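K.L.:
Structure incoming, see below.
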Amino acid sequence: MSTPRHIRLRDAPHLPRELVEQLETDTTLPNGADERFVGYGVMGVSFESGHVLALRRWVTSSIGPAYTSVWYRSPDGVWRFHADVDPTLACTRYAGAVADEALVHRVRLRWTSPQTLVVEVPAAALRWSMRMRSTPVTQLFDIVRPLLGERLLSSTPALRVLGAMARWGLSAGPVRLMGRMPNGQQFRIVPHHLWVVDDTWGELDGQPFGAPSVPQLQPRLGDFLIPRRPLFAIATAHFDAFDPARHRSVTSRADSPDEAISASNGEGTFPSFVPN
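The opening position of the sequence shown corresponds to residue 44 in the numbering used here, with each subsequent residue numbered one higher.
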């Protein structure tokens with residue numbers, strides 16, 4: 044199994060901007076017949092006002108061009124996915140069944156320091172800033188990870204251990220690195236570097252979201268949970284290859300309501316929140 048160059052560097056710097064800059068120049072993908080991505084992002088952050096944000100920047104994709112996506116959920120539970128590629132090649136390929144809108148918009152990423160990233164979606168008047176830092180737990184992970192190897196790190200037992208580490212060692216609540224997305228594909232997220240986001244703010248149309256919060260109920264998309272503590276990760280992601288017999292092709296509820304599923308109730312659907 045091939046591994047992106049940045050992941051093989053044991054002496055790589057531990058500041059996120061430097062690792063991201065290395066990653067942006069490397070187009071190596073893991074081998075496989077599934078749908079594969081290499082990149083970075085924020086698994087998600089909840090704000091005291093009820094707004095939720097998440098970021099995905101996939102610098103390499105096995106199904107199309109590199110892309111950036113911002114997930115936004117309003118306080119009344121409406122999910123909007125902003126991406127700079129066609130929705131069939133973006134995150135809504137996997138989460139469209141619970142997405143209220145899949146929007147093609149430019150997403151700008153700007154590093155203002157080695158640990159501070161600003162995200163902007165100008166067409167939506169959405170701005171988001173975050174600062175990351177290492178902890179003893181994330182530093183230990185950086186030491187141990189190269190010793191495990193890609194195959195072991197991607198295994199089900201290892202991903203369960205990493206999820207438990209994030210839950211208990213990073214106070215992130217239940218973290219699921221594998222499971223099923225709303226459109227039916229199985230997913231597997233393999234982290235290679237982790238930081239905690241300890242300072243973040245967001246605004247929409249100039250209205251601030253307030254302080255980040257620790258929700259009693261974690262927002263979810265299928266089996267994927269928004270962590271209680273925001274985490275920034277460099278990772279690879281694997282999804283089932285699309286099979287029309289098993290997977291939904293919908294990219295939003297608005298576009299294909301007959302294929303969409305309820306995000307809140309009903310037999311065989313996924314709740315929007317999960318208790319701790």
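Cβ coordinates follow ideal geometry from the N, Cα and C atoms, glycine included.
All of these numbers come straight from a predicted model, not from anything done at the bench.
Going along the chain, which residues of its own chain have a beta-carbon closer than 8 Å to the beta-carbon of aspartate 248, five neighbours each way excluded?
P.N.:
Closer than 8 Å at the Cβ level, and outside the excluded window around aspartate 248, lie Ala168.
K.L.:
Determine the DSSP secondary structure at glycine 216, reduced to helix, strand or coil.
P.N.:
Three-state DSSP puts glycine 216 in coil, outside helix and strand.
K.L.:
Going by DSSP in three states, glycine 206 sits in which element: helix, strand or coil?
P.N.:
In the structure shown, glycine 206 sits in a helix (DSSP, three-state: H, G or I).
K.L.:
Once DSSP output is grouped into helix, strand and coil, what is the label at valine 85?
P.N.:
Valine 85 falls in the strand class under three-state DSSP.
K.L.:
So what does DSSP say about leucine 196, is it helix, strand or coil?
P.N.:
Correct three-state label for leucine 196: helix.
K.L.:
Run through DSSP, which three-state label would leucine 132 get?
P.N.:
In the structure shown, leucine 132 sits in a helix (DSSP, three-state: H, G or I).
K.L.:
Report the option in Thr279, Val95, Leu205 and Val128 whose CA atom is closest to the CA atom of leucine 260.
P.N.:
Ranking the options by Cα distance to leucine 260, first place goes to Val95.
K.L.:
In angstroms with no decimal places, state the Cα-to-Cα distance between isoleucine 186 and alanine 288.
P.N.:
About 43 Å.
K.L.:
I need the boundaries of the alpha helix (DSSP H) containing isoleucine 277, first residue and last residue.
P.N.:
Here isoleucine 277 belongs to no alpha helix (DSSP H); instead the beta strand (DSSP E) covers 274-282.
K.L.:
Given aspartate 127, which residues of its chain have a CB within under 6 Å of its CB, disregarding the five upstream and five downstream residues?
P.N.:
Once the five neighbours on either side are set aside, the close Cβ partners of aspartate 127 are Tyr110, Thr111, Arg149 and Val150.
K.L.:
Compute the distance between the beta-carbons of glycine 253 and serine 92, then report whether it is under 8 Å.
P.N.:
Cβ distance < 8 Å, so glycine 253 and serine 92 count as in contact.
K.L.:
Quickly, what does DSSP pair serine 245 with across the bridge? List them, please.
P.N.:
Residue 245 is actually glycine in this sequence, not serine. Beta-bridge pairing links glycine 245 to Trp171.
K.L.:
What do you get for glycine 82, buried or exposed, if any count of 16 or more other CB atoms within 10 angstroms of its CB means buried?
P.N.:
Counting Cβ neighbours within 10 Å, glycine 82 comes out buried, since at least 16 surround it.
K.L.:
Report the partner residues of methionine 221 according to the DSSP bridge assignment.
P.N.:
Paired residues: Arg231.
K.L.:
By DSSP's criteria, histidine 125 is part of a beta bridge. Which residues make up the other side?
P.N.:
Answer is Val113 and Leu146.
K.L.:
Assign arginine 123 to one of two classes, buried (16 or more other C-beta atoms within 10 Å of its C-beta) or exposed (fewer than that).
P.N.:
Buried, since its Cβ has 16 or more Cβ neighbours within 10 Å.
K.L.:
How is proline 189 classed by DSSP in three states: helix, strand or coil?
P.N.:
It is helical.
K.L.:
Just to check, is the beta-carbon of alanine 284 closer than 7 Å to a non-hydrogen atom of the ligand SAH?
P.N.:
Among the components modelled here there is no ligand, and therefore nothing to report on the ligand SAH.
K.L.:
Buried or exposed for arginine 153, please, with buried defined as at least 16 other CB atoms from any protein chain shown within 10 angstroms of its CB.
P.N.:
Exposed.
K.L.:
Going by beta-carbon coordinates alone, are tryptophan 244 and arginine 176 separated by less than 8 Å?
P.N.:
No, they are not a contact pair.
K.L.:
For valine 180, which three-state DSSP category applies?
P.N.:
Three-state DSSP puts valine 180 in a helix.
K.L.:
Thinking just about the alpha-carbon of each residue, which of Asn74, Glu64, Glu67 and Val63 is nearest to the one in phenylalanine 282?
P.N.:
It is Asn74 whose Cα lies nearest to the Cα of phenylalanine 282.
K.L.:
Consult DSSP for proline 255 and reduce its assignment to one of helix, strand or coil.
P.N.:
Strand.
K.L.:
The alpha helix (DSSP H) with proline 59 in it runs from where to where?
P.N.:
Looking at the DSSP string, the run of the alpha helix (DSSP H) that includes proline 59 is 59-67.
K.L.:
Give every residue of the same chain whose Cβ lies closer than 8 Å to the Cβ of proline 200, excluding the five residues on either side of it in the sequence, and list them in chain order.
P.N.:
If we look at proline 200 and ignore the five residues flanking it on each side, it has no Cβ neighbours.
K.L.:
Between which two residues does the beta strand (DSSP E) carrying alanine 97 extend?
P.N.:
Unbroken beta strand (DSSP E) run through alanine 97: 95-104.
K.L.:
Between isoleucine 269 and serine 156, is the Cβ-Cβ spacing less than 8 Å?
P.N.:
Going by C-beta atoms, isoleucine 269 is not nearer than 8 Å to serine 156.
K.L.:
Return the first residue and the last residue of the beta strand (DSSP E) that glutamate 163 is part of.
P.N.:
Run containing glutamate 163: 159-164, per the beta strand (DSSP E) assignment.
K.L.:
Under the three-state reduction of DSSP, which class applies to valine 141: helix, strand or coil?
P.N.:
Note: valine 141 maps to helix in three-state DSSP.
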